[in-house]
Amino acid sequence: MSTSGSFNGFAGQSSSGSGPDLSAYDPTKLHPLAQLGDKLDYLLLEDEKTSEVPGADTALPTRGWSDDLCYGTGTMYLGGLAVGGLWGIREGASRPLAVSNSRLRINSILNSVTRRGTFIGNSAGVLALAYNGVNSTIDAYRGKHDTLGSMGAGAITGVLYKSTAGVKPALAAATFMSGMAGLWSLVKRSV
Numbered sequence: 000m001s002t003s004g005s006f007n008g009f010a011g012q013s014s015s016g017s018g019p020d021l022s023a024y025d026p027t028k029l030h031p032l033a034q035l036g037d038k039l040d041y042l043l044l045e046d047e048k049t050s051e052v053p054g055a056d057t058a059l060p061t062r063g064w065s066d067d068l069c070y071g072t073g074t075m076y077l078g079g080l081a082v083g084g085l086w087g088i089r090e091g092a093s094r095p096l097a098v099s100n101s102r103l104r105i106n107s108i109l110n111s112v113t114r115r116g117t118f119i120g121n122s123a124g125v126l127a128l129a130y131n132g133v134n135s136t137i138d139a140y141r142g143k144h145d146t147l148g149s150m151g152a153g154a155i156t157g158v159l160y161k162s163t164a165g166v167k168p169a170l171a172a173a174t175f176m177s178g179m180a181g182l183w184s185l186v187k188r189s190v
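0 is the number of the first residue of the sequence shown in numbering that gives the first Met the number 0; add one for each residue after it.
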């Protein structure tokens, strides 16, 4: 099969073989129901724009509540998976077996890793999701981001997380979460 002229069998391909001929594509003919006409909208991201809430300028700058929510939840989930995985390795390696066999030992370790890793990872992810949501709500309501708001968000998250276990566990979780949120806020400001 021979090609003649500038047509080589592929629409939009230049005959010189240097790549696609972009002038052959008309965005208005992509789909007639889109009614694009001669204008195309593009998603413009402002990566350098950080949050304008007073007090949000820390060692880890943020672009807003959704940024905190996504990064915080993902980081805590992966961190929880890692910690739970290490706990599972330790538990599986030290579990007594009826027969000392390497296959049984590996199976024991893998079972423990999947049990502990997912438990800690999911728990940490849910706590981070709730904390970041409450913290952003407090920041928006107060109009500033500070350690006190973070500690309040930690306390509310702890109470919600252990609310079904009773008053004492809920207060213990609130105290722990509030302390961790305060410590995290101080670390972010001092670095």
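Yeah, the Cβ is synthetic: ideal placement off N, Cα and C, and Gly gets one too.
Asked: Grab me the residues of arginine 115's own chain with a C-beta within less than 8 Å of its C-beta, minus the 5 sequence neighbours each way, in chain order.; Found: Gly83, Gly84, Trp86, Gly87, Glu90
Asked: With a 10 Å radius around its C-beta and 16 neighbouring C-beta atoms as the bar for buried, classify isoleucine 105 as buried or exposed.; Found: exposed
Asked: When you compare only the Cα positions, how much space is there between serine 147 and arginine 94?; Found: Strictly speaking, residue 147 in this sequence is leucine, with serine absent from that position. Taking the straight line joining both Cα atoms gives about 44 Å.
Asked: How many whole angstroms separate the CB atoms of glycine 153 and alanine 180, which I take to be in contact at a CB cut-off of 8 Å?; Found: 3 Å
Asked: Buried or exposed: where does lysine 161 fall if 16 or more other Cβ atoms within 10 Å of its Cβ makes it buried?; Found: buried
Asked: Under three-state DSSP, which class holds proline 168?; Found: helix
Asked: Pull up the CB-CB distance for alanine 129 and threonine 156, whole angstroms please, since I reckon it's below 8 Å.; Found: 5 Å
Asked: Which term fits glycine 165, buried or exposed, when burial requires 16 or more other beta carbons within 10 angstroms of its beta carbon?; Found: exposed
Asked: Between the C-alpha atoms of serine 107 and valine 98, what's the straight-line distance to the nearest angstrom?; Found: 12 Å
Asked: Does the Cβ-Cβ distance between glycine 71 and alanine 127 come in under 8 Å?; Found: yes
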